[in-house]
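Colleague: Using the numbering used here, read the sequence shown as starting at 13 and increasing by one per residue.
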Amino acid sequence: MISVLFFLLVGYLLIALEFYLPGAVAGTTGGLFLLYSVFRFIEETGSPLSTALYVIVVTGGLALLIHQVLRRIRLSGAKNTIYLENDQEGYVGSTFDSSLIAKVGVAQTDLRPSGHILIDGVRYHASADTGYIPKGESVKVIRGMGATLFVVASKK
């Protein structure tokens, strides 16, 4: 009976740790320990009624444990969290140069739908807004998203 209690308590402890050390290893191992404690209980008692009662108690204990851990996390506030409180300094996402909108350039590669264009001697990544634009054709920038310019075929 001591081994049953040992596996039960270690399983509960590992499941509680999973809330603070995410990664699914502790939670999965804890769940397996709980399951093993049920099998050990079946081996030691052999009574279906006792086993059913034990499973109910283990499930209720697990629900109570999860409730208490979540309550404790909620009450601890932002001080004891693993998440950053501030934004990271220095990170800038890719953006397009908005002054390029309505400019005309030349497709440096086939745009099917993406490739490269040349505007004022500078190479840019571009995507054809609709269809296919062959290499060497004149293109006009209509919008941008991230670092990509969206273009349509133009008649110089």
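Glycine residues also receive a C-beta, built at the ideal position from the N, C-alpha and C atoms.
Below 9 Å between beta carbons: does that hold for I145 and A114?
Modeller: If you number the sequence shown from 1, residue 145 lands on position 133. If you number the sequence shown from 1, residue 114 lands on position 102. Contact: no.
Colleague: For E30, count neighbouring C-beta atoms within 10 Å of its own C-beta (all shown protein chains included) and say buried if the count is 16 or more, exposed if not.
Modeller: The sequence position of residue 30 within the sequence shown is 18, counting from 1. So E30 ends up on the buried side.
Colleague: Is the segment 116-133 close to the segment 75-86, with three or more CB pairs under 8 Å?
Modeller: no
Colleague: Which first and last residues belong to the alpha helix (DSSP H) in which I207 is found?
Modeller: Lying before the first or after the last residue shown, residue 207 is absent from the chain, which here runs from 13 to 168.
Colleague: Restricting to runs no shorter than 4 residues, where is the alpha helix (DSSP H) found entirely within the segment 29-108?
Modeller: Counting whole runs of 4 or more residues, the segment 29-108 contains the alpha helix (DSSP H) stretches 37-57, 60-88.
Colleague: On the DSSP bridge assignment, give the partners of T121 in chain order.
Modeller: Locating residue 121 in the sequence shown gives position 109, where the first residue counts as 1. According to DSSP, T121 bridges with nothing at all.
Colleague: Report the three-state DSSP secondary structure of S166 (helix, strand or coil).
Modeller: Residue numbering aside, residue 166 sits at position 154 when the sequence shown is read from its first letter. If DSSP states are grouped into helix, strand and coil, S166 belongs with coil.
Colleague: Confirm, please, whether the CB-CB distance from V118 to A140 is below 9 Å.
Modeller: Against the sequence shown, residue 140 aligns to sequence position 128. Against the sequence shown, residue 118 aligns to sequence position 106. In this structure, V118 does not lie closer than 9 Å to A140 by Cβ.
Colleague: For the putative contact between I27 and G39, defined by C-beta atoms under 8 Å, what is the C-beta separation to the nearest angstrom?
Modeller: Numbered from 1 along the sequence shown, position 15 holds the residue referred to as residue 27. Numbered from 1 along the sequence shown, position 27 holds the residue referred to as residue 39. Going by Cβ atoms, the distance from I27 to G39 rounds to 6 Å, so yes, they are a contact pair.
Colleague: Please report the straight-line C-alpha distance between S49 and H137, rounded to a whole angstrom.
Modeller: Reading the sequence shown from its first residue, position 37 is the one you call residue 49. Reading the sequence shown from its first residue, position 125 is the one you call residue 137. When rounded, the distance between both Cα atoms is 60 Å.
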